[in-house]
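Peer 1:
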Amino acid sequence: MIHLHYLDDALLVAEKPAGLLSVPGRLPENQDCVIARLQALYPDALTVHRLDQVTSGLLLHARGKVMEAALSVQFQQRQVGKRYQAVVEGVLDRDAGEVDLPLIVDWPNRPKQRVDHETGKPALTRWQVLARDLEAGRTRVELEPVTGRSHQLRLHMASLGHPIVGDVLYGAAPAARVYLHACSLQFTHPLTGQAMRFDSTVPW
């Protein structure tokens with residue numbers, strides 16, 4: 001069962017648990033996903049954006065092709081506000097900063113991404129320290145993906161030498177989960193023009 005934060009005739013905002021795919025994978029065992037569960041209840045639900053399987057938090061879905069197109073334009077024009085919280089390995093020295101490194105899929109090691117200054121697509125992440133745990137050697141951060149590349153937040157934090165806790169794909173030690181959560185989502189309602197904001201409690 002998928003928890004819904006919001007539902008109307010145009011869209012719905014769902015809470016994705018960590019470990020569940022946003023959309024179906026290629027293999028038969030990877031068909032269970034957020035959109036499949038939603039479409040069982042709301043057949044017109046369509047995916048507008050995705051979260052990695054390891055990431056939990058807020059996902060926006062459109063209802064019908066017209067709403068899908070309208071919401072997709074907001075993502076393309078970077079009119080959607082997204083905030084994440086993460087816990088990273090190590091203690092960050094600075095209180096805030098940004099990572100501007102172009103990314104491309106690492107084909108031999110898919111789904112891993114890599115930094116590529118020649119052929120990578122532009123990717124920008126802003127980060128801000130929320131708390132430092134000196135005893136555990138970890139830092140809680142808020143992350144804002146200005147662009148929306150695959151694995152962007154994960155690779156950008158790893159590039160600073162501070163991979164997200166549990167993200168073994170990018171060099172972190174194993175943990176119960178990857179400590180990355182989509183905690184805030186802001187957009188404009190495609191029918192009413194109303195500013196919408198949703199917040200999700202960070203589960204750790």
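Numbering (full-length UniProt numbering), first residue to last: 1 to 204. We put the CB at the ideal spot given by N, CA and C, even for glycine. Please read these numbers as outputs of a predicted model, since none were measured by experiment.
Quick one: grab the DSSP three-state call for residue 56.
Peer 2: In this structure, residue 56 counts as strand in the three-state DSSP scheme.
Peer 1: Which partner residues does residue 74 have in the DSSP bridge list?
Peer 2: DSSP output for residue 74 lists no bridge partner at all.
Peer 1: Hey, would you say residue 164 sits closer than 7 angstroms to residue 141, going by beta carbons?
Peer 2: In this structure, residue 141 does not lie closer than 7 angstroms to residue 164 by Cβ.
Peer 1: Whole angstroms are fine: how far does the CA of residue 21 sit from the CA of residue 29?
Peer 2: Roughly 11 angstroms separates the two Cα atoms.
Peer 1: Alpha carbons only, please: which of 70, 195, 32 and 93 is nearest the one belonging to residue 130?
Peer 2: Measuring from the Cα of residue 130, the nearest candidate turns out to be 93.
Peer 1: Is the shortest distance between the beta-carbon of residue 101 and the beta-carbons of chain D less than 7 angstroms?
Peer 2: Although the question refers to chain D, the structure presented lacks it and comprises just one protein chain.
Peer 1: Buried or exposed, going by whether 16 or more other CB atoms sit within 10 Å of the CB of residue 52?
Peer 2: Burial call: buried.
Peer 1: So which of 76, 15, 11 and 180 has the shortest CA-CA distance to residue 192?
Peer 2: Taking only the C-alpha atoms, the option nearest residue 192 is 11.
Peer 1: In the structure shown, what three-state DSSP assignment does residue 41 receive?
Peer 2: Residue state, collapsed to three classes: helix.
Peer 1: Using a Cβ distance threshold of 8 angstroms, determine whether the stretch 13 to 27 contacts the stretch 52 to 63, with at least three qualifying pairs required.
Peer 2: Counting Cβ pairs under 8 angstroms, three or more are found: they touch.
Peer 1: In this structure, what does DSSP give as the bridge partners for residue 196?
Peer 2: Paired residue(s): 187.
Peer 1: Given that a residue counts as buried once 16 or more other Cβ atoms are within 10 Å of its Cβ, and exposed if not, what is residue 100?
Peer 2: It counts as exposed.
Peer 1: From what residue to what residue does the beta strand (DSSP E) around residue 85 run?
Peer 2: Element bounds for residue 85: 81 to 89.
Peer 1: What does the alpha-carbon distance come out to for the pair residue 138 and residue 183?
Peer 2: Cα to Cα, the separation comes out at about 19 angstroms.
Peer 1: Could you tell me the boundaries of the beta strand (DSSP E) in which residue 154 lies?
Peer 2: Careful: residue 154 lies outside any beta strand (DSSP E), inside the alpha helix (DSSP H) at 152 to 159.
Peer 1: Just checking, does the stretch 118 to 133 make contact with the stretch 73 to 83 on the three C-beta pairs under 8 angstroms criterion?
Peer 2: Output reads no: the stretch 73 to 83 does not touch the stretch 118 to 133.
Peer 1: Report all residues from its chain with a CB closer than 8 angstroms to the CB of residue 153; omit the five preceding and five following residues, and keep chain order.
Peer 2: Answer for residue 153: 84, 86, 125, 143, 145, 164 and 180, listed in chain order.
Peer 1: Helix, strand or coil for residue 69 per DSSP?
Peer 2: Helix at residue 69.
Peer 1: Going along the chain, which residues of its own chain have a beta-carbon closer than 7 angstroms to the beta-carbon of residue 68, five neighbours each way excluded?
Peer 2: 46, 48 and 62, listed in sequence order.
Peer 1: Do residue 43 and residue 33 have their C-beta atoms within less than 7 angstroms of each other?
Peer 2: Contact: no.
Peer 1: In angstroms, rounded to a whole number, what distance separates the CA positions of residue 1 and residue 132?
Peer 2: Roughly 35 angstroms separates the two Cα atoms.
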